[in-house]
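Residue numbers (our numbering): 577 to 819.
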């Protein structure tokens with residue numbers, strides 16, 4: 577079995593569409609979260625993934641990212657959560673979801689009420705995201721897992737979508753952890769897919785929304801990277817790289 581994996585699209589719909597051109601529909605499509613925020617077209621990205629899930633039942637897997645978590649928390653408790661969310665790209669998502677050019681803080685409650693009313697199906701979809709997904713010898717997560725634990729399954733819900741620098745510790749899970757969340761440039765100053773020296777961690781977050789690139793890879797259920805792809809934000813074409 578093979579899976580085509582993408583992470584941290586962040587509302588960059590054009591880049592998402594372009595990289596999907598390389599997905600073979602016979603393979604699983606795994607999306608590692610952060611579909612939304614910062615980019616201009618979060619709603620279109622979410623609706624595209626929903627459409628793909630309906631079109632290819634059981635083939636399209638969506639994991640919840642920390643940005644989906646922030647949006648949902650803000651909607652549940654805007655008084656205490658809104659400032660954090662808005663400061664982390666949430667304004668662009670609200671603009672996209674309700675098709676407005678401006679978001680004023682003093683109107684936030686009204687705008688969020690509109691999001692709840694107009695985007696009920698999309699919000700239910702975002703809430704449905706998995707915390708992790710096992711695929712043979714591969715463990716897919718948004719952020720990672722608590723690698724200090726003897727049993728990775730005891731990782732908290734929060735750590736699956738928020739943890740940082742877990743890859744600096746020994747991977748005792750027995751699985752290859754493929755994740756996003758942390759832009760690769762913070763690990764090795766590049767935006768290309770990063771594989772740890774031990775081969776047990778793979779980071780694919782190419783910082784697309786920060787002017788980097790949207791990365792994807794094709795991986796077997798044994799953990800072999802079969803091919804990598806990238807859509808540089810500064811170009812309109814794809815460049816695929818055999819590995």
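Note that the Cβ used here is the ideal one computed from N, Cα and C, for glycine as well.
Is it true that the CB of residue j sits closer than 8 Å to the CB of residue i?
{"i": "residue 647", "j": "residue 676", "result": "no"}
{"i": "residue 731", "j": "residue 755", "result": "no"}
{"i": "residue 715", "j": "residue 752", "result": "yes"}
{"i": "residue 690", "j": "residue 674", "result": "yes"}
{"i": "residue 795", "j": "residue 578", "result": "yes"}
{"i": "residue 672", "j": "residue 618", "result": "yes"}
{"i": "residue 612", "j": "residue 644", "result": "yes"}
{"i": "residue 725", "j": "residue 581", "result": "no"}
{"i": "residue 767", "j": "residue 761", "result": "yes"}
Can you round the beta-carbon distance between residue i and residue j to whole angstroms, since I take them to be within the 8 Å contact cut?
{"i": "residue 698", "j": "residue 623", "result": "7 Å"}
{"i": "residue 639", "j": "residue 609", "result": "5 Å"}
{"i": "residue 642", "j": "residue 738", "result": "5 Å"}
Going by beta carbon distance, what residues of the same chain come within less than 6 Å of residue i, once the five residues before and after it are set aside?
{"i": "residue 591", "result": "784, 790, 807"}
{"i": "residue 637", "result": "606, 709"}
{"i": "residue 628", "result": "636"}
{"i": "residue 787", "result": "809"}
{"i": "residue 634", "result": "none"}
Beta-carbon within less than 7 Å of residue i's beta-carbon, same chain only, minus the 5 sequence neighbours each way: which residues are those?
{"i": "residue 758", "result": "740, 779, 781"}
{"i": "residue 656", "result": "none"}
{"i": "residue 798", "result": "712, 713"}
{"i": "residue 816", "result": "The predicted position of residue 816 is uncertain, since its pLDDT is 43 and thus under 50; a value taken from the coordinates is nonetheless stated next. Counting only Cβ-Cβ distances below 7 Å, and skipping sequence neighbours, we find 598, 803, 805."}
{"i": "residue 654", "result": "684, 685, 688"}
{"i": "residue 813", "result": "With a pLDDT of 39 at residue 813, under the threshold of 50, the predicted position of this residue should be treated as unreliable, and no value is reported."}
{"i": "residue 723", "result": "742, 745, 746, 747, 748"}
{"i": "residue 632", "result": "601"}
{"i": "residue 764", "result": "770"}
{"i": "residue 596", "result": "none"}
{"i": "residue 696", "result": "none"}
{"i": "residue 772", "result": "743"}
{"i": "residue 867", "result": "It is not possible to answer for residue 867, since the shown part of the chain is limited to 577 through 819."}
{"i": "residue 615", "result": "586, 587, 588, 668, 785"}
{"i": "residue 681", "result": "none"}
For residue i, which residues does DSSP report across the bridge?
{"i": "residue 582", "result": "607, 792"}
{"i": "residue 710", "result": "715"}
{"i": "residue 779", "result": "755, 770"}
{"i": "residue 638", "result": "607"}
{"i": "residue 801", "result": "795"}
Check whether the Cβ of residue i lies closer than 7 Å to any heavy atom of the ligand FMN, and answer yes or no.
{"i": "residue 745", "result": "The ligand FMN is not among the ligands present in this structure, which contains no ligands whatsoever."}
Enumerate in chain order the residues of its own chain whose CB-to-CB distance from residue i is below 8 Å, with the five nearest sequence positions on each side excluded.
{"i": "residue 736", "result": "707, 708, 717, 718, 719, 720, 721"}
{"i": "residue 811", "result": "Confidence at residue 811 is low in this model, with a pLDDT of 46, below 50, so the placement of that residue should be treated as unreliable; the coordinate-derived value is given next. There are no such residues."}
{"i": "residue 694", "result": "673, 674"}
{"i": "residue 649", "result": "657, 661"}
{"i": "residue 733", "result": "707"}
Give a yes or no on whether 8 Å exceeds the smallest Cβ distance from residue i to chain B.
{"i": "residue 748", "result": "In summary, chain B is missing from the structure at hand, where a single protein chain is found."}
Check whether the stretch 581-595 touches the stretch 617-632, taking contact to mean three or more Cβ pairs, one atom from each stretch, closer than 8 Å.
Short answer: they touch.
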